[in-house]
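**Q** The sequence shown maps to residues 324 to 398 in this note's numbering.
Backbone N, C-alpha and C fix where the C-beta goes; we use that ideal spot for every residue, glycine too.
Predicted model, so just to flag it, every value in this text is computed and none were measured.
Before anything else, here's the structure in question.
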Amino acid sequence: MAGNRQYDHEYKVQAVKLAKEIGQAKAAEELGVPRNTLYGRVHANRLGNLDLGAGSQTPQSAMTLNEELLRLRQQ
324 MAGNRQYDHE
334 YKVQAVKLAK
344 EIGQAKAAEE
354 LGVPRNTLYG
364 RVHANRLGNL
374 DLGAGSQTPQ
384 SAMTLNEELL
394 RLRQQ
């Protein structure tokens, strides 16, 4: 059994992006990462606790942020 592995932030980001493209189970298998670890990172990303960097924003979240900005400017 392998010990605790340490992954850098970029590796985590790329793993989550891959999971979004091909599915979590398949990505975990291809990367050799425990499924629960990858599921946890995808969940953290959904909650906003793992920043994927530029280009990770969905159109819906971008629109919500834009609406909030307009509302604040009108105050």
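1. Note down the Cα distance separating residue 330 from residue 348, rounded to an integer number of angstroms.
2. DSSP state of residue 371, grouped into three classes?
3. Helix, strand or coil: how does DSSP classify residue 362 here?
4. Whose C-beta lies closer than 8 Å to the C-beta of residue 335 among residues of the same chain, with five residues either side of it excluded?
5. Cutting at 6 Å between CB atoms, please list the residues of its own chain near residue 339, excluding the five before and the five after it.
**A** In this structure, then:
1. Along the sequence shown, read from residue 1 onward, the residue named residue 330 stands at position 7. Along the sequence shown, read from residue 1 onward, the residue named residue 348 stands at position 25. Straight-line measurement puts the Cα of residue 348 at about 18 Å from the Cα of residue 330.
2. The residue labelled residue 371 in the question sits at position 48 within the sequence shown. Coil, per DSSP.
3. Counting from one through the sequence shown, the residue named residue 362 turns up at place 39. If DSSP states are grouped into helix, strand and coil, residue 362 belongs with the helices.
4. Sequence index remark: in the sequence shown, residue 335 carries index 12 (1-based). The answer, listed in chain order, is 364 and 373.
5. In the sequence shown, the residue the question calls residue 339 occupies position 16. Excluding sequence neighbours, residue 339 sits near 364, 365 and 368.
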